[in-house]
Every structure is written in structure tokens, then in C-alpha cells.
Amino acid sequence: MANRLLLRRFSILRSTLLSSSSSSSSSSSISSIPSSSSHILEPSRTFPIPPPKLPSRVFCYRPSSNLNEAEGPASIDYRSVIAEDEFHRLADDTIQDLQEKFEEYGDSVQVDGFDIDYGNQVLTLKLGDLGTYVLNKQTPNRQLWLSSPVSGPLRFDWDRNSEAWVYRRTKVHLLQLLENELEQLCGEPITLS
1 MANRLLLRRF SILRSTLLSS SSSSSSSSSI SSIPSSSSHI LEPSRTFPIP
51 PPKLPSRVFC YRPSSNLNEA EGPASIDYRS VIAEDEFHRL ADDTIQDLQE
101 KFEEYGDSVQ VDGFDIDYGN QVLTLKLGDL GTYVLNKQTP NRQLWLSSPV
151 SGPLRFDWDR NSEAWVYRRT KVHLLQLLEN ELEQLCGEPI TLS
């Protein structure tokens, strides 16, 4: 009921403003608003109120060509970066080494719910209430993907120069990141490199 009343008031106000703006009168359009409340309750005999125009949504994004390297990584054809068999060898070696070092680390820290699981090419490190790390291979992209309770989702590429898995946006190495975060969470240092 209140919404209808507001719509009627708006419609009357709109029609009054439109009629006053179309006339050549230089007087203020507000002075032509009816002062009687009986006009406000009458149904509108003017144009219907058009539906509100909603802003269009953009479903694709094309970055501008003037971005510098500090703002984000350039696109890469991952097949040309590293061969698939080499990727599997490097990724599997990294995941196996991490699994062994996590098991040793689990013996030295007192964290309730500490557990390590490896299956279907996914390494999971559970730290109880502190969070869970998940590391897995993404073969089409030639990347290792990490889900961290501290830094969130990250994608690591193999860097031939440093011979390490590197997050291209911040240039942080996978092993250094894990060392820092695990020490922060568990209170004990760990050496992964």
C-alpha cells in the first residue's frame, strides 16, 4: 500500500515536472506541484513509469596493454615452457620430498590433528584447528596448485633459472612459503629446501 502511494506521488510529480519543463515558462518547476493532498491520492493519468535501467554487466575482461610486470603476469603457453614428462618428474619429486619432510616435521611438533595424506596425486597436510594445506598437480597448465590456510590459493610454475617452483605474481618460492607459514602456524621451524 505504501509503495503504491509512493509510486503515485512520484508519477504525479514527474508529470507535473514534465509539463512545466515543456512550457516556455521560466518559473520554477517546483512551484507547479499541486498543493492539495487530494491530487496525490488520485490515480495517475500520465505516462507509466519506465522500468529502471540496470547497468550492463561485463562478463569478460581484457586487460589494457599498458600494464607493467609488477601489476601481474603475462600469459604463457605452458606447453612451450616445459615438456609434460619433465613436468611430471619435477612435480612428483617435489611432492614426494614434501611428504617425507612433513612426516618428519609431524614427529617434532605438537599439533592436535596433524595428518598427512597422499592419494590421487594430491598431497594433503592437516594441522587440526590450524588449517589444511592441499598441494596438487595441474598438468594442462604445468603448475603445482597450493591451497593454504594462510595465503589462500596459489599457482606455482617451474622456474628453470632458480630450479624451483615459483608463484609468478610475488616471485615467492613454494618451499620458502611453506617454511614460513608452517613455522608461523606451528611455532617450530622446518627446512624444506
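All letters in the sequence shown, in the order written, are residues 1 to 193 by full-length UniProt numbering. All residues carry an ideal CB built from backbone N, CA and C; glycine is no exception.
For Glu-100, the three-state DSSP class (helix, strand or coil): helix
For the alpha helix (DSSP H) that contains Leu-174, what are its first and last residues? In the DSSP annotation of this structure, the continuous segment of the alpha helix (DSSP H) that includes Leu-174 starts and ends at 174-186.
Same chain, Cβ closer than 6 Å to Ser-26, five either side skipped, listed in chain order: The predicted model places Ser-26 with a pLDDT of 46, which falls under 50 and marks its position as unreliable; any figure quoted below should be read in that light. Excluding sequence neighbours, Ser-26 sits near nothing in its chain.
Out of Thr-191, Ser-193, Leu-182, which one is the CA nearest neighbour of Phe-114? Leu-182
According to DSSP, what are the bridge partners of Ala-164? Paired residue(s): Asp-159.
Distance, Asn-136 Cα to Thr-124 Cα: 9 Å
Can you give me the Cβ contacts of Thr-139 inside the same chain, cut-off strictly under 8 Å, excluding the 5 residues immediately before and after it? Glu-84, Phe-87, His-88
Which residues in the same chain as Tyr-105 place their Cβ atom closer than 6 Å to its Cβ, once the five residues preceding and following it in sequence are excluded? Ile-190
Could you pull out every unbroken beta strand (DSSP E) segment of at least 3 residues lying fully inside the region 84-152, listed in chain order? For the region 84-152, whole beta strand (DSSP E) runs of length 3 or above, ordered along the chain, are 114-119, 122-127, 132-138, 143-148.
Is the Cβ-Cβ distance between Leu-185 and Leu-127 less than 9 Å? Between Leu-185 and Leu-127, the gap from beta carbon to beta carbon is short of 9 Å.
Measuring CB to CB, does Ser-147 end up less than 9 Å from Thr-132? yes
Between the alpha carbons of Leu-192 and Lys-101, how many angstroms are there, rounded? 7 Å
Which partner residues does Leu-154 have in the DSSP bridge list? Leu-146
Report yes if the C-beta distance between residue 199 and Arg-160 is below 9 Å; otherwise report no. What is shown of the chain runs 1 to 193, which leaves residue 199 out entirely.
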